[in-house]
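Participant:
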Amino acid sequence: MTYDWALYACLFLALWSAMVAGVFSAFSEFIMSALSKAEPASGIEAMQHINRDVIRTSFVAGILAIPFLSVALAIYAVTVYEGTGRVILVMGAATYVVSVFGTTIFANVPMNNRLDALDGKRAEARDYWSENVRNWTRFNHVRALGSVLTAGLYLAAAITLVSSGQVWR
């Protein structure tokens, strides 16, 4: 017997979503806290470097790939699977697309872009920095929680598909 490729996709998406959750959690738990305690110009400069460097990483590639892989798997699930496995796969895609991808595109990235355009030594930047740290971290909590939920949903989907016999051939 062999497993359906979708089982491996579930396990891959669960693992990658959990890794994304770990990075987001690190930022929310202690990186942003540490940056906020630095002098505003230093915190701003460090965050600007982080935001510029992160673009060229596999982490961002994963953040951008997961929604497309998730939606493709959800479409496949709707056409092939029945019952709880199908529902969980659709929920996994929806959870990630809204809470992680959507929050990244519509909240965190715009704040990163605004911060990148500022000169950390100017009063305007210092005033924005505390607001940025607070709001960016708040939205990052959403992304971390969404990533954890997504990982759990994909793991639950894998278990459900195996236990229901839908991925065996």
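So the sequence shown is numbered by the numbering used here: it starts at 8 and just counts up by one.
Heads up, the beta-carbon is just placed ideally off N, CA and C, and yes, glycines get one too.
1. Pairing CB atoms from the stretch 115–128 with CB atoms from the stretch 41–54, are three or more of them under 8 Å?
2. Taking contact to mean at least 3 C-beta pairs separated by less than 8 Å, is the stretch 131–151 in contact with the stretch 33–44?
3. Using the beta-carbon count (16 or more within 10 Å), is Asn115 buried or exposed?
4. With Leu168 as the anchor, note down where its alpha helix (DSSP H) starts and where it stops.
5. In terms of residue numbering, what span does the alpha helix (DSSP H) encompassing Gly90 cover?
6. Just how far apart, CA to CA, sit Val85 and Ile112?
Facilitator: With the structure as the only source:
1. Taking 8 Å as the limit for Cβ pairs, the verdict is that the stretch 41–54 does touch the stretch 115–128.
2. Because the criterion of three Cβ pairs below 8 Å is met, the stretch 131–151 and the stretch 33–44 touch.
3. Residue burial annotation: Asn115 is buried, with at least 16 other C-beta atoms found within 10 angstroms of its C-beta.
4. Counting along the chain, the unbroken alpha helix (DSSP H) around Leu168 starts and ends at 130–170.
5. Gly90 -> alpha helix (DSSP H) spans 90–102.
6. Cα-Cα distance, rounded: 27 Å.
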